[in-house]
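Right, one structure below, let's go through it.
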Ligand SMILES: NC(=O)c1ccc[n+]([C@@H]2O[C@H](COP(=O)([O-])OP(=O)(O)OC[C@H]3O[C@@H](n4cnc5c(N)ncnc54)[C@H](O)[C@@H]3O)[C@@H](O)[C@H]2O)c1
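In our numbering, the protein residues as written are 29 to 383.
Next up, the structure:
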């Protein structure tokens, strides 16, 4: 069996490829990546050491995918993953990679009759309804307003797949939702066995965090390296909340899905850390400072809200947990412990990229 991991030198792809190979030594695992993301080149020695084949390639080129040869399982992890992509210029790269590239991956999977796991995003849910959630401030975070009548698909547990899909959702979110539709059509037209996971924030070691994507690593590394940060949007207080999923927890879910693909084919799941693994930026500052000797860098306040920013997103995992038995295990503290350890262990290589 050959597993193709597209975006296999990226944060999620490299971690999944290595964990998959660790657990299935007899299988060929190929990581295909065009190394566009700064820092993804650091994955190459890790992949080699873990027995994963690297193929330099671009999913925008069907020829690059053809060079992999036959494969049975596709883990589609290549993307321009920033929700802010395209706003300050052309959306060309975003659309060509996240939509046309995904189509190319699906075509390759169809030809080889491979099963597919697609990493979609919570950002398929539209921005205006997410901004309209009834919230109140409690301590240093926003929480669902008690006693309020909440929008369908939103509760104290978070956002479920019943939440509306009507409205604009960012160019990034649109490419992912269009890809989900294509996958549904490939399943109907060609019998493709595919699972879609709409992931909230994913994080962990080897995420090359930057201002527009990967905020946990951005926050941790700026604390460690003493570089400035800013609370951006929603008044600039840092009270906005996200749930976090450790990439190792994501892998545990994918194992279940791949092992019993017939039970999960055609499913669309919301997947995230859930309320128990959620954090506001202000809370994150305190947790990072606790790991750097109570030192925080200068944190500016920018009240302006960017076009794609949302104040609150927590995943309601009820459906995926009911269908798979899976639930996230790692806490925010576990995640930060792992990330700080990794930053300290690889500081010389990481500081020029992350700082
Ligand atoms: N990180 C998150 O919080 C998060 C949340 C939800 C969904 N996702 C999805 O998970 C997947 C993986 O994201 P990530 O966090 O690992 O991002 P990443 O940027 O770390 O990894 C993506 C990889 O894809 C590669 N790539 C980009 N364009 C390519 C192309 N045209 N051809 C081949 N390779 C290309 C990049 O070089 C990079 O190594 C993406 O589909 C993303 O949308 C991520």
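We put the beta carbon where it would ideally sit given N, CA and C, even for glycine. Computed from a predicted model, the values in this text were never measured in an experiment.
Open item on the list: Does the distance between the C-beta of residue 147 and the nearest non-hydrogen atom of ligand 1 fall short of 7 angstroms?
Closed with: yes
Open item on the list: Along the chain, where does the beta strand (DSSP E) containing residue 83 start, and where does it finish?
Closed with: 81-84
Open item on the list: Considering only heavy atoms of ligand 1, does any lie closer than 7 angstroms to the CB of residue 390?
Closed with: The structure shown does not extend to residue 390, since the chain is modelled only from 29 through 383, so no value can be given for it.
Task: Residue environment, residue 166, which counts as buried when at least 16 other CB atoms sit within 10 Å - done: exposed
Open item on the list: ligand 1 and residue 236: does the residue's C-beta get closer than 7 angstroms to at least one heavy atom of that ligand?
Closed with: yes
Task: Three-state secondary structure assigned by DSSP to residue 298 - done: Under the three-state reduction of DSSP output, residue 298 falls in the strand class.
Task: Buried versus exposed, by CB contacts within 10 Å (16 or more), residue 326 - done: Classified as exposed, residue 326 has fewer than 16 neighbouring CB atoms from the shown chains inside 10 Å of its CB.
TODO: Could you pull out every residue in the same chain whose Cβ sits closer than 6 angstroms to the Cβ of residue 293, ignoring the five residues on either side in sequence?
DONE: Contacts found: 221.
Open item on the list: Check for me: the beta strand (DSSP E) holding residue 257 runs from which residue to which?
Closed with: 257-260
TODO: Put residue 121 into one of helix, strand or coil per three-state DSSP.
DONE: helix
TODO: Select from 369, 123, 135 the residue whose C-alpha is nearest the C-alpha of residue 217.
DONE: 135
Open item on the list: Is it the case that the segment 258-274 contacts the segment 219-237, given that we only count it when at least three CB pairs across the two stretches are under 8 angstroms?
Closed with: Flag = yes, the segment 219-237 and the segment 258-274 touch.
Task: Span of the beta strand (DSSP E) around residue 270 - done: First-last of the beta strand (DSSP E) with residue 270: 269-274.
Task: Collapsed DSSP secondary structure at residue 309 in the structure displayed - done: Collapsing the DSSP output to three states places residue 309 in a helix.
TODO: Can you grab the Cα-Cα spacing for the pair residue 185 / residue 169, in whole Å?
DONE: 15 angstroms
Task: C-beta atoms of residue 237 and residue 245 nearer than 8 angstroms - done: yes
- [ ] Compare the C-alpha of residue 160 against each of 211, 173, 149 and name the closest.
- [x] 173
Open item on the list: For ligand 1, I want to know if residue 62 counts as a neighbour, meaning its beta carbon is within less than 7 angstroms of at least one of the ligand's heavy atoms.
Closed with: Correct: residue 62 has its Cβ closer than 7 angstroms to ligand 1.
TODO: Below 8 angstroms on the Cβ atoms is my guess for residue 31 versus residue 55; work out the distance and round it to an integer in Å.
DONE: 6 angstroms
Open item on the list: Quick check: what's the CA-CA separation for residue 178 versus residue 380?
Closed with: 45 angstroms
Task: Within the segment 176-244, ranges of the alpha helix (DSSP H) (whole runs, at least 4 residues) - done: Complete alpha helix (DSSP H) runs here, min 4: 199-218.
- [ ] Could you tell me if residue 323 is buried or exposed, where buried requires 16 or more neighbouring beta carbons within 10 angstroms of its beta carbon?
- [x] exposed
Task: Beta-bridge partners of residue 146, as assigned by DSSP - done: 104, 224
Open item on the list: For residue 38 and residue 233, I'd like the C-alpha separation in whole angstroms.
Closed with: 11 angstroms
TODO: Tell whether a beta-carbon distance below 8 angstroms holds between residue 360 and residue 305.
DONE: yes
Task: Rounded Cβ spacing between residue 201 and residue 152 (contact assumed at less than 8 angstroms) - done: Contact annotation, residue 201 with residue 152: C-beta distance approximately 5 angstroms; criterion of less than 8 angstroms satisfied.
TODO: Ignore the nearest five residues each way along the sequence and tell me which others in residue 274's own chain have a CB closer than 6 angstroms to its CB.
DONE: 232, 358, 363
Open item on the list: Can you tell me whether residue 57 is helix, strand or coil according to DSSP?
Closed with: DSSP, reduced to helix, strand and coil, places residue 57 within a strand of the structure shown.
Open item on the list: Is the beta carbon of residue 96 closer than 8 angstroms to that of residue 342?
Closed with: no
Open item on the list: Output needed for residue 158: all residues of its chain with C-beta closer than 6 angstroms, excluding positions within five of it in sequence on either side, in chain order.
Closed with: 338
- [ ] Mind checking who residue 327 pairs with in its DSSP beta bridge?
- [x] When DSSP reads this structure, residue 327 sits in a beta bridge with 257.
TODO: Between the Cα of residue 301 and those of 276, 212, 50, spot the shortest distance and give me the residue it belongs to.
DONE: For residue 301, the closest of 276, 212, 50 by C-alpha to C-alpha distance is 276.
TODO: Compare the C-beta of residue 117 with all C-beta atoms of chain C and state if any pair is closer than 8 angstroms.
DONE: This model lacks chain C altogether; it includes just one protein chain.
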